[in-house]
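The structure appears right after this line, and notes come after that.
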Amino acid sequence: MIPFALESPETGNALNPDTAHSLRDAKTGARWPVIDGIPYLRTNRGDLVAQTLRLLDDDKPDLALEGLLADQDDWWTGPPADPIDLHRLVKDRDTATLRDAVALLGWGRVGDYFLHRWTDPTFLAGLTLLEAHWNDPACVFEFACGIGHYLGAFAGRGAKVAGADVVFAKLWVARHWVVGGKAQLVCFDAASPHWPVVGSPVDLVVCNDAFYFLDDKPGLLECLRRTAGDDGWLALSHIHNAERPGFSAGRAVSAEEIEELFPDGLVYDDDELTRALVECRAPGPRAPAELRRCEAFSIVCGAGMRPAPRIVADGITLPREGALLRLNPLYVPQGSGYAIAWPSERYEAEYAGRATYPVRSPGPERLDWVGLDSADAARVRRREFVDLPERW
Numbered sequence: 001m002i003p004f005a006l007e008s009p010e011t012g013n014a015l016n017p018d019t020a021h022s023l024r025d026a027k028t029g030a031r032w033p034v035i036d037g038i039p040y041l042r043t044n045r046g047d048l049v050a051q052t053l054r055l056l057d058d059d060k061p062d063l064a065l066e067g068l069l070a071d072q073d074d075w076w077t078g079p080p081a082d083p084i085d086l087h088r089l090v091k092d093r094d095t096a097t098l099r100d101a102v103a104l105l106g107w108g109r110v111g112d113y114f115l116h117r118w119t120d121p122t123f124l125a126g127l128t129l130l131e132a133h134w135n136d137p138a139c140v141f142e143f144a145c146g147i148g149h150y151l152g153a154f155a156g157r158g159a160k161v162a163g164a165d166v167v168f169a170k171l172w173v174a175r176h177w178v179v180g181g182k183a184q185l186v187c188f189d190a191a192s193p194h195w196p197v198v199g200s201p202v203d204l205v206v207c208n209d210a211f212y213f214l215d216d217k218p219g220l221l222e223c224l225r226r227t228a229g230d231d232g233w234l235a236l237s238h239i240h241n242a243e244r245p246g247f248s249a250g251r252a253v254s255a256e257e258i259e260e261l262f263p264d265g266l267v268y269d270d271d272e273l274t275r276a277l278v279e280c281r282a283p284g285p286r287a288p289a290e291l292r293r294c295e296a297f298s299i300v301c302g303a304g305m306r307p308a309p310r311i312v313a314d315g316i317t318l319p320r321e322g323a324l325l326r327l328n329p330l331y332v333p334q335g336s337g338y339a340i341a342w343p344s345e346r347y348e349a350e351y352a353g354r355a356t357y358p359v360r361s362p363g364p365e366r367l368d369w370v371g372l373d374s375a376d377a378a379r380v381r382r383r384e385f386v387d388l389p390e391r392w
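As structure tokens, then:
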């Protein structure tokens, strides 16, 4: 485990274990629930916190869990999850697939992105950014980690990992389907009066496809830099460009703001990072002013990073050692081979033009990562084949 301590997001006081399912403010006595090792520290959910603690104290952990799984972030515009579906998911969590979980949680198009994130160009750009400046971090913290796609990649490289997200259900899915029990996970809102994660600085702090959502970007960046300390580094990928209309909600950032926020940073065009992965070369950083037309910025900064990008050839962008790879699940049987079937028109509009995998594939459905020739290794690099969680 990473040596993090937790403080109350309301008071900044230390939080200490109270029961097996709760933490207590050392000074005020206020309690916060913990389920599956994940503290729930959202500050604007007083009624939900009280209800969850009451159910946990009454030895009704599954009902308490169902309540937290229904909670969403303030950007959510879809319908609430069906309580019957949540009950079924909690009951079947040890046998359900990730696809089952996403469907029962009612995540809709967001679920499409989560299920296929391992192959989307945005995720690959983030991996490329990390590999280009990788320095074998022992401890990694990811803010807005979602269901743990990057955390799984870090853990597969031997790092100790911790992640935070505002949606409890995402962290719970990360715990059960993607990362496992060793990751330290905590649910809180960056807009809380106090940043609750404190303790020893970590080697690498990551924030992917989320920085643009936050109102107080300088304040969040200060917290992320403090978490990295004097010797760590930060990697922030897919920050939407305010000068380019995009598909996502949020508060995009201009090139001028990037320059002001990251005076010590190396700045990349997301598309350049994805191309560098496929072409097996080092990505090229640019001045923010030269990237006014890019869709999204990606940045590394901090004393601990590799100061110049290296060739992206053999690191975190590739599957873990010994992986049995599956054909990209976007492919469906067609004729004597397979063809891409997009999960939605929106997904196709966002990714089809930048996808690294071909429209058609001859297969096979499984591929052993060990001992591949150069042609098959290239197919893996472009995500025609992918290393998915066991219960995908």
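Sequential numbering from 1 applies to the sequence shown in full-length UniProt numbering.
Cβ coordinates follow ideal geometry from the N, Cα and C atoms, glycine included.
Under 7 Å Cβ to Cβ from residue i, same chain only, skipping five residues before and after it: list those, please.
| i | result |
| --- | --- |
| A276 | T128, A282, P283 and V312 |
| A101 | L89, V173 and W177 |
| D376 | L367 |
| R351 | Just to set this straight, residue 351 is Tyr in the shown sequence, not Arg. Hits under 7 Å: D120 and P121. |
| G265 | I299, V300 and C301 |
| A378 | none |
| A190 | L214 and L220 |
| C223 | W195 |
Here's the rule I'm using: 16 or more other beta-carbon atoms within 10 Å means buried, otherwise exposed. How should residue i be labelled?
| i | result |
| --- | --- |
| Q72 | buried |
| E321 | exposed |
| W118 | buried |
| R346 | exposed |
| P362 | exposed |
| W134 | buried |
| V370 | exposed |
| G353 | exposed |
| E7 | buried |
| I258 | buried |
| P285 | buried |
| T227 | buried |
| T95 | exposed |
| R54 | exposed |
| Q334 | exposed |
| G46 | exposed |
| A289 | exposed |
Checking the sheet assignment: what are the DSSP bridge partners for residue i?
| i | result |
| --- | --- |
| R31 | R24 |
| I299 | L236 and V267 |
| S374 | Paired residues: none, contrary to the question. |
| residue 419 | One cannot answer for residue 419 here, as it falls past the ends of the chain, which runs 1 to 392. |
| Y40 | C187 |
| Y331 | I340 |
| L104 | DSSP lists no partner for L104. |
| F385 | L327 |
| E7 | A14 |
| F262 | Per DSSP, none; premise fails for F262. |
| C139 | K160 |
| L204 | V140 and W233 |
State yes or no: is the C-beta of residue i nearer than 6 Å to some heavy atom of the ligand SAM?
| i | result |
| --- | --- |
| C207 | Of the ligands one can find in the structure shown there are none, so the ligand SAM has no counterpart to examine. |
Roughly how far, in whole angstroms, is the beta-carbon of residue i from the beta-carbon of residue j, given that I think they are within contact range, below 8 Å?
| i | j | result |
| --- | --- | --- |
| H194 | P9 | 5 Å |
| D209 | S237 | 7 Å |
| V161 | A235 | Rounded, the Cβ-Cβ distance is 14 Å, inconsistent with contact. |
| V206 | E295 | Not a contact, Cβ separation roughly 20 Å. |
| C280 | R381 | 7 Å |
| D270 | A125 | 4 Å |
| L56 | S22 | 7 Å |
Measuring CB to CB, does residue i end up less than 7 Å from residue j?
| i | j | result |
| --- | --- | --- |
| A144 | D120 | no |
| R310 | A138 | no |
| L130 | R391 | no |
| A159 | D231 | no |
| S192 | T43 | yes |
| D36 | R175 | yes |
| L171 | I38 | yes |
| D387 | A323 | yes |
| I147 | F123 | no |
| F385 | L327 | yes |
| F4 | V267 | no |
| P201 | G229 | yes |
| T52 | P83 | no |
| G78 | G108 | yes |
| A14 | A26 | yes |
| I316 | R157 | yes |
| D85 | L104 | yes |
| L220 | L261 | no |
I'd like the list of long-range same chain contacts for residue i, defined as Cβ closer than 6 Å, with 5 residues on each side in sequence excluded.
| i | result |
| --- | --- |
| W168 | The identity of residue 168 in the sequence shown is Phe, whereas the question assumes Trp. If we look at F168 and ignore the five residues flanking it on each side, its Cβ neighbours are Y40, L68, D71 and C187. |
| V332 | A341 |
| E243 | R292 |
| A153 | I316 |
For residue i, which residues in the same chain have their Cβ closer than 8 Å to its Cβ, ignoring the five residues on either side in sequence?
| i | result |
| --- | --- |
| L325 | P319, R366, L367, D368, W369, V380, F385, V386 and D387 |
| Y338 | L327, Y331, V332, R360, S361, P362 and G363 |
| V278 | T356, R381 and R382 |
| G106 | G78, P79, P80, A81, D82 and D85 |
| L372 | V380 |
Answer with yes or no whether the minimum CB distance from residue i to chain B is below 7 Å.
| i | result |
| --- | --- |
| S254 | Of the protein chains in the structure, only one exists, and it is not chain B. |
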